[in-house]
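The numbers in the numbering used here rise by one with no breaks, and the one at position 13 of the sequence shown is 275.
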Amino acid sequence: VALMVVALTKYVIHLIDLRLENGWPSKSANLFYVDLFGDVITMTIFLFFMLTFFLQNPQRLPIYLLADIVQVARQLAQRLGSFRKYRKIVSNIDQRFADATPEEVESADTCIICRDKLW
(Lines of atoms letter the chains of each structure in order from A and count residues from 1; the text may use other names and numbers.)
(Lines give C-alpha, C1' and ligand atoms only; values in the text may rest on other atoms or scores of the structure.)
Protein backbone atom coordinates (compact mmCIF):
# COMPACT_ATOMS: atom_id res chain seq x y z
CA VAL A 1 0.00 0.00 0.00
CA ALA A 2 2.80 2.43 0.89
CA LEU A 3 4.59 1.85 -2.40
CA MET A 4 1.36 2.45 -4.31
CA VAL A 5 0.77 5.76 -2.49
CA VAL A 6 4.37 6.84 -3.16
CA ALA A 7 4.10 5.94 -6.85
CA LEU A 8 0.79 7.77 -7.20
CA THR A 9 2.18 10.85 -5.43
CA LYS A 10 5.24 10.86 -7.71
CA TYR A 11 2.95 10.61 -10.72
CA VAL A 12 0.91 13.60 -9.50
CA ILE A 13 4.11 15.59 -8.94
CA HIS A 14 5.25 14.81 -12.49
CA LEU A 15 1.85 15.84 -13.86
CA ILE A 16 2.02 19.15 -11.99
CA ASP A 17 5.52 19.70 -13.35
CA LEU A 18 4.33 19.05 -16.91
CA ARG A 19 1.36 21.40 -16.52
CA LEU A 20 3.44 24.37 -15.36
CA GLU A 21 4.94 26.48 -18.11
CA ASN A 22 8.49 26.60 -16.75
CA GLY A 23 8.33 23.44 -14.70
CA TRP A 24 8.07 23.14 -10.95
CA PRO A 25 11.19 24.53 -9.24
CA SER A 26 10.75 22.44 -6.08
CA LYS A 27 9.95 19.20 -7.91
CA SER A 28 13.17 17.43 -6.94
CA ALA A 29 12.79 18.38 -3.28
CA ASN A 30 9.20 17.16 -3.26
CA LEU A 31 10.19 13.87 -4.91
CA PHE A 32 12.94 13.45 -2.32
CA TYR A 33 10.51 13.99 0.55
CA VAL A 34 8.00 11.57 -0.97
CA ASP A 35 10.73 8.90 -1.28
CA LEU A 36 11.88 9.58 2.27
CA PHE A 37 8.32 9.33 3.56
CA GLY A 38 7.85 6.06 1.64
CA ASP A 39 11.02 4.60 3.13
CA VAL A 40 10.00 5.56 6.66
CA ILE A 41 6.52 4.07 6.21
CA THR A 42 7.95 0.88 4.69
CA MET A 43 10.46 0.54 7.53
CA THR A 44 7.69 1.06 10.10
CA ILE A 45 5.49 -1.57 8.49
CA PHE A 46 8.35 -4.10 8.34
CA LEU A 47 9.31 -3.50 11.96
CA PHE A 48 5.69 -3.76 13.12
CA PHE A 49 5.31 -7.00 11.16
CA MET A 50 8.49 -8.45 12.67
CA LEU A 51 7.43 -7.38 16.17
CA THR A 52 4.07 -9.08 15.68
CA PHE A 53 5.78 -12.30 14.61
CA PHE A 54 8.23 -12.10 17.50
CA LEU A 55 5.52 -11.54 20.11
CA GLN A 56 3.36 -14.40 18.80
CA ASN A 57 6.09 -16.99 18.47
CA PRO A 58 9.73 -15.98 19.07
CA GLN A 59 11.08 -19.36 17.92
CA ARG A 60 9.63 -19.01 14.40
CA LEU A 61 10.90 -15.56 13.51
CA PRO A 62 11.03 -15.23 9.69
CA ILE A 63 14.70 -14.53 9.09
CA TYR A 64 14.16 -13.87 5.38
CA LEU A 65 12.30 -10.68 6.32
CA LEU A 66 15.47 -9.37 7.94
CA ALA A 67 16.94 -8.95 4.45
CA ASP A 68 14.08 -6.60 3.55
CA ILE A 69 14.51 -4.64 6.77
CA VAL A 70 18.26 -4.30 6.19
CA GLN A 71 17.67 -3.17 2.60
CA VAL A 72 15.13 -0.52 3.61
CA ALA A 73 17.30 0.64 6.52
CA ARG A 74 20.31 0.97 4.21
CA GLN A 75 18.24 2.88 1.65
CA LEU A 76 16.89 5.18 4.37
CA ALA A 77 20.39 5.81 5.70
CA GLN A 78 21.64 6.63 2.18
CA ARG A 79 18.78 9.09 1.65
CA LEU A 80 19.43 10.79 4.96
CA GLY A 81 23.16 10.93 4.18
CA SER A 82 22.53 12.49 0.78
CA PHE A 83 20.12 14.97 2.36
CA ARG A 84 22.78 15.91 4.93
CA LYS A 85 25.34 16.42 2.14
CA TYR A 86 22.85 18.51 0.17
CA ARG A 87 22.14 20.77 3.14
CA LYS A 88 25.86 21.14 3.79
CA ILE A 89 26.55 22.11 0.16
CA VAL A 90 23.66 24.58 0.08
CA SER A 91 24.78 26.28 3.29
CA ASN A 92 28.34 26.43 1.94
CA ILE A 93 27.14 28.06 -1.29
CA ASP A 94 24.96 30.50 0.66
CA GLN A 95 27.93 31.49 2.82
CA ARG A 96 30.42 31.87 -0.02
CA PHE A 97 28.30 33.65 -2.61
CA ALA A 98 26.07 36.64 -2.08
CA ASP A 99 22.62 36.91 -3.65
CA ALA A 100 22.27 39.16 -6.65
CA THR A 101 20.98 42.64 -5.94
CA PRO A 102 17.95 43.92 -7.87
CA GLU A 103 20.27 46.25 -9.82
CA GLU A 104 22.47 43.33 -10.90
CA VAL A 105 19.42 41.35 -11.97
CA GLU A 106 18.10 44.30 -13.99
CA SER A 107 21.44 44.89 -15.70
CA ALA A 108 21.92 41.25 -16.77
CA ASP A 109 20.01 40.03 -19.79
CA THR A 110 21.42 36.48 -19.96
CA CYS A 111 21.37 33.64 -17.44
CA ILE A 112 24.93 32.93 -16.32
CA ILE A 113 24.22 29.20 -16.04
CA CYS A 114 22.24 28.29 -19.16
CA ARG A 115 23.05 31.37 -21.33
CA ASP A 116 19.38 31.91 -22.22
CA LYS A 117 17.81 35.34 -22.44
CA LEU A 118 16.17 36.35 -19.16
CA TRP A 119 13.60 38.73 -20.62
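The beta carbon of each residue, even a glycine, is placed where N, CA and C say it ideally should be.
- V332 is positioned such that its CB atom lies no closer than 8 Å to that of D297.
- Annotated three-state conformation of T372 is strand, per DSSP.
- Approximately 15 Å separates the beta-carbon atoms of D301 and R346; this is outside 8 Å, ruling out the contact.
- The alpha helix (DSSP H) runs lying completely inside the segment 318-380 and spanning 4 residues or more are 326-358, 364-369, given in chain order.
- Distance from the CA of F308 to the CA of A339, rounded to the nearest whole angstrom, comes to 16 Å.
- Taken through DSSP and simplified to helix, strand or coil, V302 comes out as helix.
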